[in-house]
Amino acid sequence: MKRSDTLHNTHPGEILWEDVIKSNGLTISEAAGMLGVTRPTLSNIINEKSAITPNMALRIKTVFGGTADIWLKLQLAYDLRKEEKKFIANPPLLEVFV
1 MKRSDTLHNT
11 HPGEILWEDV
21 IKSNGLTISE
31 AAGMLGVTRP
41 TLSNIINEKS
51 AITPNMALRI
61 KTVFGGTADI
71 WLKLQLAYDL
81 RKEEKKFIAN
91 PPLLEVFV
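Under UniProt numbering, the first residue of the sequence shown is numbered 1, with each subsequent residue one higher.
This is the structure:
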């Protein structure tokens, strides 16, 4: 499997945890404080219960650097891959436009 395939299957919250928070020796509480959000809000993102929103992407960019759009692209790729699996498993009856 290519690295890009692996990234598309990885929730951006896991990437945020591994590559930003944990690698900088921060706790979830510390990172949440830096981002100006509650610990449960950040924990939900890290534990794949919530998505990275445009507002959160801007917060991550401001605090940790990088760009907001990369976080949104990671979220979009993850969401699309997840829906694609559901779509393939239970395809709707669609008529192709010719």
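For each residue, glycine too, the CB sits at the ideal point set by N, CA and C.
Going by CA-CA distance only, name the one from the options that's closest to residue i.
i, options, result
"ILE15", "PRO92, ARG81, ALA89, ILE70", "ILE70"
"GLU18", "LEU35, LEU42, ILE46", "ILE46"
"GLU48", "ASN90, LYS22, ASN9", "ASN9"
When we look at the beta-carbon of residue i and count the other beta-carbons within 10 Å, is it buried (16 or more) or exposed?
i, result
"ALA31", "buried"
"LEU74", "buried"
"residue 117", "The chain is shown only over 1 to 98; residue 117 falls outside these bounds and no answer can be derived."
"MET1", "Here MET1 scores only 45 on pLDDT, less than 50, and its place in the model should not be relied on; the value that follows carries that caveat. Exposed."
"PRO54", "exposed"
Measure the C-alpha to C-alpha separation of residue i and residue j and round it to an integer number of angstroms.
i, j, result
"ASN90", "GLU83", "10 Å"
"GLY25", "VAL96", "52 Å"
"LEU35", "VAL98", "49 Å"
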